[in-house]
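First the structure, in the form of structure tokens, and then the observations on it.
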Amino acid sequence: MALLIRQWQTTTEFKMEQEFLVLSLVIFSAAALQSATGIGFGVIAGPMLLVVLNDNSAIQISIILNLLIALLLAPSLRLKADRRLLSRLLIGMAVGSPLGLVIYLNMDIALLKAFAGIVVLLTLFLVLLGNRSHAASLEPASSNIEQISIGAVAGVMGTSLAMHGPVSAAWMAARGYDKETIRATILLMFVFAYLVALGLQYVMAGINADTLRLCMVHSPATIAGILVGGFLSKHVSEQAFRWVLMIVLIGTMIMLFSTLG
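Throughout, this note's numbering is defined as the position within the sequence shown, counted from one, plus 479.
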């Protein structure tokens with residue numbers, strides 16, 4: 480019996496080490512992509528955290544690490560953002576964020592994964608549309624209502640799934656905004672968005688010590704990814720930006736739908 484217990488403990492420890500290494504690698508890669516392009520962390524790390532942890536605390540971890548990335552990068556990007564668009568996106572998020580929290584509190588983990596997969600699929604469609612718009616050299620143009628609506632969708636996605644960025648970035652790409660404007664606007668949006676999301680999570684759902692511990696454990700991988708992504712950002716072309724976004728969305732969608740069972 481003692482031998483069986485030791486074997487079980489060894490197997491459990493090995494599995495935990497594997498999960499830690501996988502999460503660290505994913506978080507590093509996602510942080511690097513987010514630093515380089517303005518998007519990617521919520522789309523890559525969020526679903527992977529859901530798959531590995533299989534618990535709604537994964538959303539809180541993704542929110543906290545997203546906020547860390549945004550706070551570290553925002554000072555160097557503030558002059559490149561589209562301030563008028565940013566203000567309207569934030570107005571929309573103020574409307575959508577409470578609804579996203581209601582979804583988070585009342586939807587079980589399988590439905591949350593399905594919901595994430597559907598939204599990622601719709602986001603992929605927007606990116607494909609964005610590629611066509613970019614090829615046609617369309618100028619950025621949209622109504623205030625449209626911009627606020629996109630912000631509202633981002634707010635719902637943010638507080639329910641820690642994914643503010645994909646829909647907003649894909650919409651900006653579809654509207655013809657350039658890579659640097661998208662990157663700067665989205666990352667500045669994250670500072671406000673994830674502060675609000677974290678505050679709502681704390682007040683309505685609470686944040687336990689294990690969640691904070693996991694955030695601390697994975698902070699070094701996040702910071703390393705930020706540094707690498709900052710270097711890579713100088714070498715990512717407009718076309719590469721769109722291809723990377725599409726690949727990330729397709730991989731995330733497959734992973735979410737394949738783990739529903």
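Ideal Cβ positions, reconstructed from N, Cα and C, are used throughout, including at glycine.
Please report how far the alpha carbon of residue i lies from the alpha carbon of residue j, in whole angstroms.
i, j, result
"serine 576", "isoleucine 570", "10 Å"
"serine 737", "leucine 603", "17 Å"
"valine 670", "alanine 515", "17 Å"
"leucine 645", "valine 682", "Inspection of the sequence shows that residue 645 is occupied by proline rather than by leucine. Roughly 26 Å between the two C-alpha positions."
"serine 698", "leucine 546", "11 Å"
"glutamate 496", "asparagine 687", "22 Å"
"isoleucine 624", "serine 647", "14 Å"
"threonine 638", "leucine 679", "8 Å"
"tyrosine 583", "glutamate 498", "24 Å"
"leucine 532", "glutamine 626", "34 Å"
"glutamate 618", "glycine 517", "Per-residue confidence for glutamate 618 stands at a pLDDT of 49, beneath the threshold of 50, marking its modelled position as unreliable; no derived number is given."
"serine 616", "leucine 552", "For serine 616, the predicted model reports a pLDDT of 46, less than 50, meaning its position is unreliable; a value from the coordinates is still stated below. Spanning the two alpha carbons is a distance of roughly 29 Å."
"aspartate 689", "glutamine 513", "25 Å"
"leucine 693", "serine 503", "11 Å"
"alanine 653", "methionine 572", "20 Å"
"methionine 695", "leucine 550", "16 Å"
"alanine 593", "glycine 709", "32 Å"
"serine 555", "arginine 721", "23 Å"
"alanine 614", "valine 501", "Bear in mind that the predicted position of alanine 614 carries a pLDDT of just 47, short of 50, making it unreliable; the figure below should be weighed with that in mind. Between alanine 614 and valine 501, the C-alpha separation is close to 37 Å."
"tryptophan 487", "alanine 509", "Caution applies to tryptophan 487, whose pLDDT of 45 falls short of 50 and renders its modelled position unreliable; the value that the coordinates give is listed next. Cα to Cα, tryptophan 487 sits roughly 32 Å from alanine 509."
"alanine 719", "glycine 521", "19 Å"
"valine 707", "valine 715", "13 Å"
"glycine 685", "valine 530", "21 Å"
"phenylalanine 493", "leucine 591", "Residue confidence is low: phenylalanine 493 scores 46 on pLDDT, short of 50, so the model does not pin down where it sits. No coordinate-derived value is stated."
"serine 622", "valine 632", "16 Å"
"valine 723", "lysine 713", "15 Å"
"glycine 519", "arginine 563", "24 Å"
Less than 6 Å between C-beta atoms, sequence neighbours within five positions excluded: which residues of the same chain meet that for residue i?
i, result
"threonine 660", "Asp561"
"methionine 527", "Val505"
"alanine 672", "Met572, Gly637 and His643"
"aspartate 534", "none"
In its own chain, which residues sit with a C-beta less than 7 Å from the C-beta of residue i, not counting the 5 before and 5 after it?
i, result
"phenylalanine 507", "Ala700, Ala703 and Gly704"
"leucine 565", "Thr664, Leu667 and Met668"
"isoleucine 729", "Leu603"
"leucine 600", "Met732"
"leucine 674", "Leu546"
"glycine 579", "Gly634, Val635, Met636, Gly637, Thr638 and Ser639"
"lysine 559", "Glu659, Thr660 and Ala663"
Quick one: what's got a C-beta closer than 8 Å to residue i's C-beta in the same chain, skipping five residues either side?
i, result
"alanine 525", "Note on residue identity: the sequence assigns glycine, not alanine, to residue 525. If we look at glycine 525 and ignore the five residues flanking it on each side, its Cβ neighbours are Ala537, Ile538, Ser541, Ala595, Leu640, Ala641 and Met642."
"arginine 557", "Ala663 and Leu667"
"methionine 586", "Phe594 and Ser639"
Between which two residues does the alpha helix (DSSP H) holding residue i run?
i, result
"asparagine 533", "Taken as a continuous stretch (DSSP letters only), asparagine 533 belongs to no alpha helix (DSSP H), as it is neither H nor E."
"glycine 517", "Where glycine 517 is concerned, there is no enclosing alpha helix (DSSP H), given that its DSSP letter is neither H nor E."
"tyrosine 673", "658-683"
"isoleucine 702", "688-711"
"arginine 562", "562-585"
"alanine 649", "644-653"
"valine 715", "Valine 715 -> no alpha helix (DSSP H), and no H or E assigned at all."
"leucine 640", "623-640"
Under the assumption that residue i contacts residue j (Cβ atoms under 8 Å), give the Cβ distance between them as a whole number of angstroms.
i, j, result
"valine 574", "glycine 634", "6 Å"
"leucine 435", "isoleucine 543", "With the chain running from 480 to 740 in the structure shown, residue 435 is simply not present."
"isoleucine 523", "valine 727", "6 Å"
"alanine 511", "leucine 711", "7 Å"
"arginine 567", "glycine 655", "About 17 Å; that fails the 8 Å criterion."
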